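Asker: What follows is a structure written as structure tokens; I'll ask about it next.
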Amino acid sequence: MQELVLWFGLGPGGRPGDATVRRATLLPAGASLTARGLPEPAVRPLGRYLYRPDPAVVHAGLVAEVAEDIAGGPLEGGGTLLTSGELRWTPFATAYDVTEVRDAAVPPPRSSEAPRAPRTAVEFAVTAAAGPVTLTAVPVTAW
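Take 6 as the starting number for the sequence shown in the numbering used here and just add one per residue.
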């Protein structure tokens, strides 16, 4: 099962949503994140680390909670990607160490010109205010 939504009628006061609790639970680990009523965090420029929130977090509308947990915020032009200058572990997002930033119009270097990125490297296309860029990042595996 990917997503489950349960409705239990009206909340106190007879209005829908009075008792609404938004939560994302990751299975089988059982890690659970509950809405804390946070405002949307400010969009920010790229930090050293990228974080890709788990789809359950995005669907539950809890990206602001993860952003607070990692001392970060949404990446400018990055959709649901978050960025931070700090590496903080969270079960609710995958952390990536940014290794390269290049103009999206510039092709990657040939293997004879520069070493190839490790096989685990991931590329992210981001549309920043200055124009589209491609970010190359490596998943953080050691905490």
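Glycine included, each C-beta is placed from N, C-alpha and C at the ideal position.
These figures come from a predicted structure and were not determined experimentally.
1. Report the start-end ranges of each alpha helix (DSSP H) in the stretch 27-73 that is 4 residues or longer and not cut off at the edges.
2. From which residue to which residue does the beta strand (DSSP E) around Arg93 run?
3. Starting from Thr146, trace the beta strand (DSSP E) in both directions and tell me its first and last residue.
4. Going by other Cβ atoms of all chains shown within 10 Å of its Cβ, with 16 needed for buried, is Glu73 buried or exposed?
5. Take Ala109 as the anchor and find which of Ala34, Ala135, Thr30 has the nearest alpha-carbon.
6. Can you give me the start and stop residues for the beta strand (DSSP E) that Val111 sits inside?
7. Can you name the residues that DSSP bridges to Leu140?
8. With DSSP as the reference, please indicate the residues paired to Gly78 in a beta bridge.
9. Taking Gly42 as the reference, give the member of Leu67, Pro79, Thr141 with the closest Cα.
10. Rounded to the nearest angstrom, how far is the Cβ of Leu92 from that of Val138, given a contact under 8 Å?
11. Would you report the Cα separation of Pro113 and Arg107, rounded to the nearest angstrom?
Answerer: If we stick to the structure as given:
1. 60-64
2. The count along the sequence shown starts at 1 and reaches residue 93 at position 88. Per DSSP, Arg93 belongs to no beta strand (DSSP E) and is neither H nor E.
3. Looking up residue 146 in the sequence shown gives position 141. Thr146 -> no beta strand (DSSP E), and no H or E assigned at all.
4. Along the sequence shown, read from residue 1 onward, the residue named residue 73 stands at position 68. Per the 10 Å Cβ criterion, exposed.
5. Locating residue 109 in the sequence shown gives position 104, where the first residue counts as 1. The option with the nearest alpha carbon to Ala109 is Ala135.
6. If you number the sequence shown from 1, residue 111 lands on position 106. Unbroken run through Val111: none, as it is neither H nor E.
7. What you label residue 140 is simply residue 135 of the sequence shown in a count that begins at 1. DSSP output for Leu140 lists Val106, Phe129 as bridge partner(s).
8. Within the sequence shown, residue 78 is the residue found at index 73, counting from 1. In the DSSP output, where bridge partners are listed per residue, Gly78 has Thr88.
9. The residue labelled residue 42 in the question sits at position 37 within the sequence shown. Residue Leu67 is the option with its Cα nearest to Gly42.
10. Stepping through the sequence shown from its first residue, residue 92 is reached at position 87. Stepping through the sequence shown from its first residue, residue 138 is reached at position 133. That belief does not hold up - the Cβ atoms of Leu92 and Val138 are roughly 21 Å apart, past 8 Å.
11. For the purposes of this step, residue 113 is taken as residue 108 along the sequence shown, with counting starting at 1. For the purposes of this step, residue 107 is taken as residue 102 along the sequence shown, with counting starting at 1. Cα-Cα distance, rounded: 8 Å.
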